[in-house]
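S.K.:
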Amino acid sequence: MGATSEFYNELKAAEPFFILAGPNVIESADHVMKMARQIKSVTDELGLKLVFKSSFDKANRTSMNSFRGPGLEEGLKILERVKITYDLPIVTDVHETSQVMVNSAFKVRTSGNPNVMVCERGTMFGYSKEDDPCYLKSQQGVHGIVTQPVADITHSLQQPAGRKIEGGGVASGGLRELIPCVARTCVAVGIDGIFMEVHDNPLQAPVDGPTQWPLRNLKSLLEELVAIGRVTKGKQQYNVDLTPVLEDF
Numbered sequence: 001m002g003a004t005s006e007f008y009n010e011l012k013a014a015e016p017f018f019i020l021a022g023p024n025v026i027e028s029a030d031h032v033m034k035m036a037r038q039i040k041s042v043t044d045e046l047g048l049k050l051v052f053k054s055s056f057d058k059a060n061r062t063s064m065n066s067f068r069g070p071g072l073e074e075g076l077k078i079l080e081r082v083k084i085t086y087d088l089p090i091v092t093d094v095h096e097t098s099q100v101m102v103n104s105a106f107k108v109r110t111s112g113n114p115n116v117m118v119c120e121r122g123t124m125f126g127y128s129k130e131d132d133p134c135y136l137k138s139q140q141g142v143h144g145i146v147t148q149p150v151a152d153i154t155h156s157l158q159q160p161a162g163r164k165i166e167g168g169g170v171a172s173g174g175l176r177e178l179i180p181c182v183a184r185t186c187v188a189v190g191i192d193g194i195f196m197e198v199h200d201n202p203l204q205a206p207v208d209g210p211t212q213w214p215l216r217n218l219k220s221l222l223e224e225l226v227a228i229g230r231v232t233k234g235k236q237q238y239n240v241d242l243t244p245v246l247e248d249f
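Per full-length UniProt numbering, residue 1 is the first one in the sequence shown, and the count goes up by one each step.
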């Protein structure tokens, strides 16, 4: 069994769920190391499998004045340092075809690799609102595509261009106060993994501050989600009995 399959199976076996978490973007090496240490401390205490997340570049910003991060070369060095220092698996995002070839989950599976995860992050419905009234339907439906659905509980509450910035221009806003609601719902319906961005000072975060969850509140939220995950039957397929009722019962 290869290292990729072993890691995938570790996530698959994680109970009640695994978590991908970290600051939206690498602000500095010191900040990322601090965040990794503190998030790991919380997840270790709660017995949760953690995959650390942070972006090396925010190339998908609308405004030319938005913070970008350290870039590919320096950013990957910093993430490697996190991986080695804290023995953490790492996930980051990509923005160009030169960095990765994007394939659908179906294409990956039909090529012989069953180790696929799909992360639902919401759907855009105009008026600068990234929001999905069919979110639960998406989460249930994705079980038929992959065995390991992941819910993005922070980006799904983003409101692009929803916040004015000093000196002109706009930046992404968001509904941070609804993060617990989305998280509870996703865990209750049986999601296998949670993706969330976490920051020690969200009000000063250079990117997506309004949808980053405060580090100070991370433990209390995860404690609640773990409790929900341990009692829910959401991962089980409900057996609907459609035979007619012919007598009182």
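Beta carbons are placed, not taken as given, at the ideal position from N, Cα and C, and that holds for glycine.
What residue range does the alpha helix (DSSP H) around L72 cover?
M.R.: 72-86
S.K.: By Cβ distance, which residues of its chain are closer than 6 Å to V187, with the 5 residues on each side in sequence left out?
M.R.: L225, I228, G229
S.K.: Give me, in chain order, the residues of the same chain whose beta-carbon lies closer than 6 Å to that of I78; leave out the 5 immediate sequence neighbours on both sides.
M.R.: I26, A29, V32
S.K.: Please report the Cβ distance between T211 and G234, rounded to the nearest whole angstrom; I am assuming they are in contact, meaning their Cβ atoms lie under 8 Å.
M.R.: About 24 Å; that fails the 8 Å criterion.
S.K.: My parser needs the alpha helix (DSSP H) runs of 4 or more residues fully inside the stretch 176-222; what are they?
M.R.: If we require 4 residues or more, the alpha helix (DSSP H) runs fully inside the stretch 176-222 come out as 179-188.
S.K.: I believe A36 touches G47 by the beta-carbon criterion, under 8 Å. Please report the beta-carbon distance rounded to the nearest angstrom.
M.R.: So it is not a contact: roughly 18 Å between Cβ atoms.
S.K.: So, at 7 Å on beta carbons, what are the nonlocal neighbours of P133 in its own chain, with the 5 sequence-adjacent residues on each side left out?
M.R.: Low confidence applies to P133: its pLDDT is 36, below 50, so where it sits in the model is not reliable, and the reading given next is rough at best. Cβ within range, chain order: n/a, list empty.
S.K.: In angstroms, rounded to a whole number, what distance separates the CA positions of M101 and S111?
M.R.: With a pLDDT of only 42 at M101, under the threshold of 50, the placement of this residue in the model should not be trusted, and no figure is reported.
S.K.: Determine the burial state of K204: buried for a count of at least 16 other Cβ atoms within 10 Å of its Cβ, exposed for fewer.
M.R.: For the sequence presented, residue 204 should be read as Gln rather than Lys. When all chains shown are included, Q204 counts as exposed.
S.K.: What's the C-alpha gap between L221 and V240?
M.R.: In a straight line, the C-alpha of L221 is about 33 Å away from that of V240.
S.K.: In chain order, what residues of the same chain lie with their CB nearer than 7 Å to the CB of V42, ignoring the 5 residues before and after it?
M.R.: L218, K219, L222
S.K.: Nearest to T4 by CA position, among V207, L178, P89, is which residue?
M.R.: P89
S.K.: Over what stretch of residues does the beta strand (DSSP E) that includes V51 continue unbroken?
M.R.: Per DSSP, the unbroken beta strand (DSSP E) holding V51 starts and ends at 49-53.
S.K.: Report all residues from its chain with a CB closer than 6 Å to the CB of T232; omit the five preceding and five following residues, and keep chain order.
M.R.: A188
S.K.: Going by DSSP, which residues form a beta bridge with L152?
M.R.: Note that residue 152 is Asp in the sequence shown here, rather than Leu. D152 pairs with F195.
S.K.: Ends of the alpha helix (DSSP H) at A29?
M.R.: 29-46
S.K.: With distances taken between CB atoms, is the gap from K49 to F7 smaller than 8 Å?
M.R.: no
S.K.: How is the beta strand (DSSP E) around I19 delimited, first residue to last?
M.R.: For I19, the uninterrupted beta strand (DSSP E) segment begins and ends at 18-22.
S.K.: Whose C-beta lies closer than 6 Å to the C-beta of D93 among residues of the same chain, with five residues either side of it excluded?
M.R.: S55
S.K.: Which residues in the same chain as N115 place their Cβ atom closer than 7 Å to its Cβ, once the five residues preceding and following it in sequence are excluded?
M.R.: Hits under 7 Å: T4, S5, Y8.
S.K.: Using beta-carbon positions only, say whether L20 and V91 come within less than 8 Å of one another.
M.R.: In this structure, V91 lies closer than 8 Å to L20 by Cβ.
S.K.: Can you tell me the Cα-Cα spacing of T85 and L178, whole angstroms?
M.R.: One alpha carbon belongs to T85, the other to L178, and they sit about 33 Å apart.
S.K.: Identify the residues that DSSP records as bridge partners of V91: which are they?
M.R.: K53, per the DSSP bridge assignment.
S.K.: Are H199 and G209 closer than 8 Å when you measure CB to CB?
M.R.: yes
S.K.: Please classify L215: is it buried, with 16 or more other beta-carbons within 10 angstroms of its beta-carbon, or exposed?
M.R.: So L215 counts as buried.
S.K.: What does the Cβ neighbour count give for L246, buried or exposed, with the cut at 16 atoms within 10 Å?
M.R.: exposed
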